[in-house]
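With positions in the sequence shown counted from 1, the corresponding number in this note's numbering is that position plus 32.
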Amino acid sequence: NPMNRALRIDKFTLAGLEAVLRLYFDEEKALAAIPTLAMLAMPLAAIDRRAKRLRRLIGKDLGPVCRVELKSIASMVGGGSLPEQPLPSRGVALAPLDRSVNELEKGLRELSLPVLGRIEDDWLLLDMRTVADKEIPLLANCLKEVFEAKNK
């Protein structure tokens, strides 16, 4: 039957699908092993702690050249059958004093380890839902690097 042939999957694909579905039987394992699922299920309080930690790490160094604020934002998740579903989040908002927000966004994007944010109302927003705890010091260093490069 041509329809069966078109819908048939190979053993490798089936094994991968089985492994993922087995993870979902144990919620703790699934949250630990599937980063996207962990990000979607993260409580707002945990995201807020991450945002405050990043602000603490960059506040003194960036203070003279950039306004840094915490903002309530919406993470836009989804695709396919669930396009752009908003999810409450917290962001670190940056408003540079020594350059345009577009220049800051471009500088972060062009780092050897690119940092992606979104621009809203002349602020560059970094959604802390998408930043792992272990990545916060690295993100702080990237931000400092961009501002130091401009001021050399």
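Every residue, glycine too, gets a C-beta built ideally from N, C-alpha and C.
In chain order, what residues of the same chain lie with their CB nearer than 6 Å to the CB of residue i, ignoring the 5 residues before and after it?
i: glycine 149; result: Leu156, Leu157 and Leu158
i: lysine 176; result: Asp93
i: glycine 110; result: Glu116 and Gln117
i: leucine 140; result: Val147 and Val178
Please name the residue or residues paired with residue i in a DSSP beta bridge.
i: proline 125; result: Residue 125 is actually alanine in this sequence, not proline. Answer is Glu101 and Leu157.
i: glutamate 152; result: Trp155
Compare the C-alpha of residue i against each of the options and name the closest.
i: serine 104; options: Leu39, Glu152 and Ala181; result: Glu152
i: leucine 136; options: Ala70, Val178 and Met74; result: Val178
i: glutamate 142; options: Ala181, Thr162 and Val109; result: Ala181
i: valine 163; options: Pro75, Ser113, Met108 and Met71; result: Met71
Quick check: residue i and residue j, are their CB atoms within less than 8 Å of each other?
i: isoleucine 66; j: leucine 49; result: no
i: cysteine 98; j: alanine 127; result: yes
i: arginine 122; j: isoleucine 79; result: yes
Using a Cβ-Cβ cut-off of 8 Å (strictly less than) and excluding sequence neighbours within five positions of residue i, which residues of its own chain qualify?
i: alanine 51; result: none
So, for residue i: in the same chain, excluding its five sequence neighbours on each side, which residues have a beta-carbon less than 7 Å away from its beta-carbon?
i: valine 124; result: Ala83, Leu86, Arg87, Val100, Leu102, Leu158 and Met160
Does the count of Cβ pairs from the segment 81-89 and the segment 167-180 closer than 8 Å reach three?
-> yes
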